[in-house]
Amino acid sequence: MNASTGGLRIEGITKRYGSLLAVDALSFEVRPGEVFGFVGSNGAGKTTTMRIVLGVLIADAGTVLWGGAPIDFKTRRRIGYMPEERGLYPKMRAGEQLTYLAQLHGAFPDAAAAASERWLDRFGLRDRARDEIQRLSHGNQQRVQLAAALVFEPLMLVLDEPFAGLDPEAVDSMSEVLHERAAAGVPVIFSSHQLELVERISDRVGIIQRGHLVASGTVDELRSGGPNRFWVDAPSARAGWTDTLRGVQVVRNDSTRWLIELDGASSDQAVLQAALATGPVREFRRDVPSLLDIFREAMTEDRVAATA
Amino acid sequence: MLQLLEPGRIRNEALRTVLLVARREFLTRVRSRFFVIGTLLFMALLAGYIVLQALVFSRATTTVKVGFVGQAQVLAQPLTTAAATEDVKVVRKDPADIRTGEDQVRNGSLDALISGDPASPQVEVKDDLNPTLAATLNAIVKQVALNRALTAAGANATAVETAVASASIQLVYLDPNAALKTQHTVVGIFVAALLYTSLVVYGQIVAAGVVEEKANRIIEILLATVRPRQLLLGKVIGIGLVGFLQLVLLGATALVAVSRTHVINVPNVGVTAIAGGLMWFVLGFVLYALVYAAGGSLVSRQEDLASVTTPLTMLVVGTYLAFFWVEANPTNPIGVALSIIPPLSPILMPARMATGDAQAWQVILAVILTIGEIALLNALAARIYANSVMRIGTRVKLSQAWRGTD
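If you read the sequences in order, they're chains A and B.
Anchor point for the first sequence: position 172 equals 154 in the working numbering, and the numbering is continuous, going up by one each time.
Anchor point for the second sequence: position 330 equals 328 in the working numbering, and the numbering is continuous, going up by one each time.
Structure follows, in structure tokens:
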């Protein structure tokens, strides 16, 4: 199977629901072998975008490209999809259900049954293959749901909130599977509200707000894009200890801790020396924004831009 | 590595998808407790009903214990023979004398005691004499009296008797099928009832199946790989086969029960009626199932289903009730027209075929019109279904479903 020729590109997707603009000229790319984390508030347009990629929803404008050409039904059938609203036949047995879905996606009957068994085994559900879905625990239903997206060796994975409601162990096995598929050259796109999780497992992140991308890039790119700040813990320092330094500003002061912002020209070592001059220094560390900080900032900037 | 069907390896990928969906629908439902128990129960009820009918319609034989004393003993042979043709069995228990016989009548071990002159015998009973036996006995006694009078007049009683015996009425049948007609009507009602029940039940199952996929959201996974039209068609075929299987089982039960009990003795009427019924089930089911499926796609919860299926169910039930009028007025042009024009034809025409009222051209026309309407509804239903099946939430308005916009 040659998945490496693929790669998802979304160009200028727009979708309206009546007067609501759900997705607004959205463009981004997910390369083969890349795990793309899709982040945004509720109603930002993540689910709508994913549904448009799958073709269960038709965009008002824009195109979805696969390997440079508009995606067709044949390719869409080979996308592993986990919708936000989970859904399986509650009265169908787990194994039969996966076999059926694999066949619907084009697998031969024998191959479908073997793949169904393999994935149930992989998620520790070998003994539950003959159980009806409705008799499985919530966590196990989630595992079968993910297996349903994987059972036909998809060309791409589109997972809407795959980690919602999972215990830490299941989160680990789920992220392991995502990386494994990505390593096989499959583009993986997933959405989540758990930002530290997104930060940890994504190669690239896209932040979506009110239907358009407000920030995107690798996690490092996003984090290094912020201001150059340091935390200094100097118990003897008094207000104004940085006054002699050029291009240095105090952003915050919580008792003994100071958040210092430096402009491009100033030296962090000069700040450290000034701090040592006041007395002992217990902490001196670069303040790298978390994805949550970046997300909050992006939201704020977007809100300011919208009201301006 | 997963083996996948490459384009071109299977001649018709769409057909394969439809069959996969149909197979799942069929197997899931046939293996369900609802189907297995329901079908067995129906078969038992149907067989029981037919056997009951057979018991009610068959004439019961009455047994009468009669004692003959003295000269009256000559009446025993002709009375037993004549009464037997009227379904009264005479058990002869002659007492030693009249007194013993009277005692036996009083204590109930004899129903009647006959004694005295055969031309005017005395018949002693407790309080009641079987009316058939009384009439038969009277006729025999009159015959004895007549024979005696003829002999007294010098005539040859045996010759007269032979002449009388050969005289009979000349029976002319002006409507020879009238007797068969009742049986045809019964079969017609049976066919109409079975068809209307199946159409309503399996139509509802289709609608509920559509809503089920919306309600548990699997529809989104399915539509990512299956086109709405394929899903709709597969569902209709799969569930239709379940209904067909059930009808075949019920029809076979009816045929076996009928042939064992002889409640219906029109040759082949059962086989023809059931074959016609099955053909019309296929046509009628596809017709109604498409509409039921489109209706089901408008709602997202089973609780809301009744609001869309009730009008359809009313139509089917109304058609069944209309059959009684159509059957009573077999040549009325309105009834004939109703049985030809869909959507009423799938119930009325097979019932009229079973009653023997339908003419060949009417059947052929009705089949052509129904197939035409199926083609039309297939397009309409597929469009409504495709536009509504992904809309979860409040009931989709028909106009929205048609246009496919918000």
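Backbone N, C-alpha and C fix where the C-beta goes; we use that ideal spot for every residue, glycine too.
As the structure is a computational prediction, the values presented were derived from the model and not from experiment.
Nearest-angstrom Cα separation, counted from residue j out to residue i
| i | j | result |
| --- | --- | --- |
| R13 of chain A | F105 of chain A | 27 Å |
| I183 of chain A | V126 of chain A | 22 Å |
| F172 of chain A | I390 of chain B | 23 Å |
| V86 of chain B | I138 of chain B | 15 Å |
| N105 of chain B | L127 of chain B | 15 Å |
| L172 of chain B | I237 of chain B | 48 Å |
| R(-2) of chain A | V5 of chain A | 7 Å |
| L17 of chain B | G232 of chain B | 6 Å |
| Q176 of chain A | A221 of chain A | 38 Å |
| V41 of chain B | A250 of chain B | Checking the sequence, you will find Met at residue 41 of chain B rather than Val. Straight-line Cα distance between these residues: approximately 9 Å. |
| V183 of chain B | L44 of chain B | For the record, residue 183 of chain B in the displayed sequence is Thr; it is not Val. Straight-line Cα distance between these residues: approximately 17 Å. |
| R146 of chain B | T156 of chain B | 11 Å |
| R294 of chain A | Q124 of chain A | This structure leaves residue 294 of chain A out entirely; chain A is present only between -17 and 290. |
| T282 of chain A | G44 of chain A | 27 Å |
Beta carbon proximity, residue i to chain A, threshold 8 Å
| i | result |
| --- | --- |
| T26 of chain B | yes |
| T392 of chain B | no |
| V224 of chain B | yes |
| E218 of chain B | yes |
| L18 of chain B | yes |
| R299 of chain B | no |
| T270 of chain B | no |
| T15 of chain B | yes |
| L221 of chain B | yes |
Minimum Cβ-Cβ distance from residue i to chain B less than 8 Å
| i | result |
| --- | --- |
| I61 of chain A | yes |
| P52 of chain A | no |
| V5 of chain A | no |
| R68 of chain A | yes |
| V12 of chain A | no |
| Q124 of chain A | no |
| M156 of chain A | no |
| H120 of chain A | no |
| L141 of chain A | no |
| R58 of chain A | yes |
| P169 of chain A | no |
Span of the alpha helix (DSSP H) around residue i
| i | result |
| --- | --- |
| Y82 of chain A | 76 to 86 |
| S343 of chain B | 343 to 353 |
| D236 of chain A | Run containing D236 of chain A: none in the alpha helix (DSSP H); it sits in the beta strand (DSSP E), 230 to 236. |
| G333 of chain B | 331 to 338 |
| R14 of chain B | 11 to 28 |
| G316 of chain B | 303 to 326 |
| I369 of chain B | 358 to 386 |
| R33 of chain A | 28 to 36 |
| A150 of chain B | 129 to 150 |
| R239 of chain A | Here R239 of chain A belongs to no alpha helix (DSSP H); instead the beta strand (DSSP E) covers 239 to 244. |
Close Cβ partners of residue i (< 6 Å) along its chain, the five nearest in sequence each way excluded
| i | result |
| --- | --- |
| D109 of chain B | V62, K63 |
| Y286 of chain B | L197, G201 |
| Q244 of chain B | T37 |
| P209 of chain A | E243 |
| L375 of chain B | L288 |
| A(-15) of chain A | With a pLDDT of only 41 at A(-15) of chain A, under 50, the local geometry of the prediction cannot be trusted, and no value is derived from it. |
| R33 of chain A | L39 |
| Y194 of chain B | V314, Y318, I345 |
Cutoff 8 Å; reference residue i; Cβ partners in own chain excluding five residues on either side
| i | result |
| --- | --- |
| L253 of chain B | G268, V269, I272 |
| S174 of chain A | G19, F20, V21, E143, P144, F145, A146, V180 |
| G85 of chain A | Note on identity: in this sequence residue 85 of chain A is Gln, with Gly being the wrong assignment. Excluding positions up to five away in sequence, the list reads P91, A94. |
| G199 of chain A | R186, V187, G207 |
Residue interval of the beta strand (DSSP E) (run including residue i)
| i | result |
| --- | --- |
| R267 of chain A | 265 to 268 |
| H175 of chain A | From DSSP, H175 of chain A is part of no beta strand (DSSP E); its letter is neither H nor E. |
| D142 of chain A | 138 to 142 |
| L2 of chain A | 2 to 12 |
| K63 of chain B | 60 to 67 |
| K56 of chain A | Careful: K56 of chain A lies outside any beta strand (DSSP E), inside the alpha helix (DSSP H) at 55 to 58. |
| R125 of chain A | Looking at the DSSP string, R125 of chain A is not in any beta strand (DSSP E); the run it does join, the alpha helix (DSSP H), is 120 to 132. |
| R(-9) of chain A | -10 to -1 |
| L195 of chain A | 194 to 200 |
Contacting residues, own chain, Cβ-Cβ under 7 Å from residue i (five flanking each side not counted)
| i | result |
| --- | --- |
| D115 of chain B | Q69 |
| M64 of chain A | Q127, L128, A131, L141, D142, P144 |
| S248 of chain A | L227, R228, G229, V230 |
| D355 of chain B | P328 |
Test: residue i CB closer than 8 Å to a CB of chain C
| i | result |
| --- | --- |
| R215 of chain B | Any reference to chain C falls outside this structure, whose protein chains are A and B. |
Looking at chain B, which residues of the segment 76 to 88 of chain A have a Cβ within less than 8 Å of any of its Cβ atoms? Y82, L83, A84, Q85, L86, H87, G88
Identify each residue in the segment 366 to 395 of chain B for which the Cβ-Cβ distance to at least one residue of chain A is less than 8 Å, and report them in chain order. M388, I390
Between the segment 29 to 47 of chain A and chain B, which residues of the former have a C-beta closer than 8 Å to a C-beta of the latter? R33, L36, G37, V38, L39
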